[in-house]
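Notes for the one structure printed next.
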Amino acid sequence: MIDLNSLENKMRIIQESVPGRQITLAHIIASPDKVLYEKLGLDPRIDYEKAAIGVTTVTPSETAIIMADIAMKASGITLGFVDRFSGSLIITGTFSEVQAAMEAMQDYVQEKLGYSVCPITKT
Numbered sequence: 093m094i095d096l097n098s099l100e101n102k103m104r105i106i107q108e109s110v111p112g113r114q115i116t117l118a119h120i121i122a123s124p125d126k127v128l129y130e131k132l133g134l135d136p137r138i139d140y141e142k143a144a145i146g147v148t149t150v151t152p153s154e155t156a157i158i159m160a161d162i163a164m165k166a167s168g169i170t171l172g173f174v175d176r177f178s179g180s181l182i183i184t185g186t187f188s189e190v191q192a193a194m195e196a197m198q199d200y201v202q203e204k205l206g207y208s209v210c211p212i213t214k215t
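When the count follows my numbering, it moves up by one through the sequence shown with no breaks and lands on 215 for the last residue.
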């Protein structure tokens with residue numbers, strides 16, 4: 093029988109993140125509530141019936157910078173948030189602008205950078 097008390101001082105757990113080259117989340121929220129904009133720190137002065145929020149996460153995390161640039165050049169979106177440390181990117185605009193930007197980001201990282209991409213989901 094193993095004495096867990098004697099192992100407690102000897103056991104060591106190492107956790108590390110090994111980023112792949114992939115988009116792990118790509119989601120569009122259509123017609124979000126004003127409260128969601130406020131809670132995310134986004135500009136709440138928009139036409140909510142036409143509005144959308146795009147949320148994506150990528151590894152390596154610095155790729156979020158490249159994706160933000162692609163999104164802004166692909167359509168009239170507004171950059172809500174980009175984090176080069178976590179790989180999170182939030183964009184806002186009309187549904188069609190957000191969708192065009194998400195597709196452009198997916199296409200670029202898949203075709204030019206060889207990343208794996210997940211499907212774009214919508215709610």
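We put the CB at the ideal spot given by N, CA and C, even for glycine. Nothing here was measured: the structure is a model prediction, and the numbers come from that model.
CB of residue i within 8 Å of CB of residue j, strictly
i    : j    : result
T170 : T184 : yes
T116 : C210 : yes
I182 : I138 : no
M164 : M197 : no
A143 : S123 : yes
G172 : L128 : no
R176 : E203 : no
H191 : I120 : According to the sequence as given, residue 191 is Gln; it is not His. Going by C-beta atoms, Q191 is nearer than 8 Å to I120.
Unbroken beta strand (DSSP E) run spanning residue i, endpoints
i    : result
T170 : 170-174
S188 : Premise fails: S188 lies in the alpha helix (DSSP H), 187-203, not in any beta strand (DSSP E).
Residue range of the alpha helix (DSSP H) that includes residue i
i    : result
I212 : Element bounds for I212: n/a, residue is neither H nor E.
Residue i - partner residues in DSSP beta bridges
i    : result
S180 : T149
Residue i classed as buried or exposed, judged by whether at least 16 other C-beta atoms fall within 10 angstroms
i    : result
G112 : exposed
E189 : buried
L134 : buried
Ranges of the beta strand (DSSP E) found wholly within the stretch 112-152, counting only runs of at least 3 | Whole beta strand (DSSP E) segments, 3+ residues: 114-122, 143-151.
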